[in-house]
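If you're matching positions, the sequence shown starts at 22 in this note's numbering and goes up one per residue.
Below you'll find the structure, written out as structure tokens, and then a few comments.
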Amino acid sequence: GAKLRRRKNYFNIYTMTENEIAKIAVDVCFKIHQQYGPGLFETVYEELFCYEWSKTGIPFTRQQAIPLVHEQIKLEIGFKADIIIDNKVIVELKSIEVLAPVHYKQVLTYLKLTNLKLGLLINFNVNFIKDGMHRIVNKL
């Protein structure tokens with residue numbers, strides 16, 4: 022039940038699901054957007070997100086190089102993920118006028134290459150942050 026999960030989480034035994042991680046990430050984005058709004062550089066939002074996320078104690082990596090293997094060749098850097106949380110959720114941050122279909126496909130490609138199931142594509146350059154948040158799933 023919920024009580025057991027909360028108690029286990031206290032001892033850091035309970036591992037969070039992708040959806041639980043995503044909910045916290047969305048809350049962090051709301052907080053940042055509420056305070057600063059649209060119009061800042063993507064790198065600023067990334068810095069703020071990582072600072073706020075570090076307070077959660079949940080592990081994450083930033084600008085992690087992801088290798089790509091094609092037949093017999095291995096490219097050390099196929100892409101760099103903005104943020105990967107707990108080896109479960111990819112967070113791709115944008116601060117652009119309009120998200121294009123390719124941005125969604127890009128996150129799906131990242132998910133497939135990492136075998137992760139959930140990606141969050143977040144565009145901070147919107148009036149209401151809920152309009153800038155998108156979940157991309159890969160076999161979740």
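Even glycine gets a Cβ: it sits at the ideal position worked out from N, Cα and C.
Pairwise C-alpha distance: lysine 138 and leucine 161: Taking the sequence shown and counting its residues from 1, the one referred to as residue 161 is at position 140. Taking the sequence shown and counting its residues from 1, the one referred to as residue 138 is at position 117. Answer to the nearest angstrom: the Cα atoms are 5 Å apart.
Assuming alanine 43 is part of the alpha helix (DSSP H), what are its boundary residues? Counted from its first residue, the sequence shown places residue 43 at position 22. That run of the alpha helix (DSSP H) goes 39–57.
On the CB-based measure, 16 or more other CB atoms within 10 Å of its CB, does threonine 36 come out buried or exposed? Taking the sequence shown and counting its residues from 1, one reaches residue 36 at position 15. Classification of threonine 36: exposed, given that the 10 Å Cβ count is below 16.
Kindly indicate which three-state DSSP category isoleucine 150 falls into: helix, strand or coil? Residue 150 sits at position 129 when you count from the first residue of the sequence shown. Isoleucine 150: helix per DSSP, three-state reduction.
Since I believe serine 116 is in contact with tyrosine 66 (beta carbons under 8 Å), could you give me their beta-carbon distance rounded to a whole number of angstroms? As a first step, residue 66 must be located in the sequence shown, where it is residue number 45. As a first step, residue 116 must be located in the sequence shown, where it is residue number 95. That belief holds up - the Cβ atoms of tyrosine 66 and serine 116 are roughly 6 Å apart, short of 8 Å.
Range covered by the beta strand (DSSP E) that runs through proline 88: Taking the first residue of the sequence shown as position 1, residue 88 is located at position 67. Start and end: 81–91.
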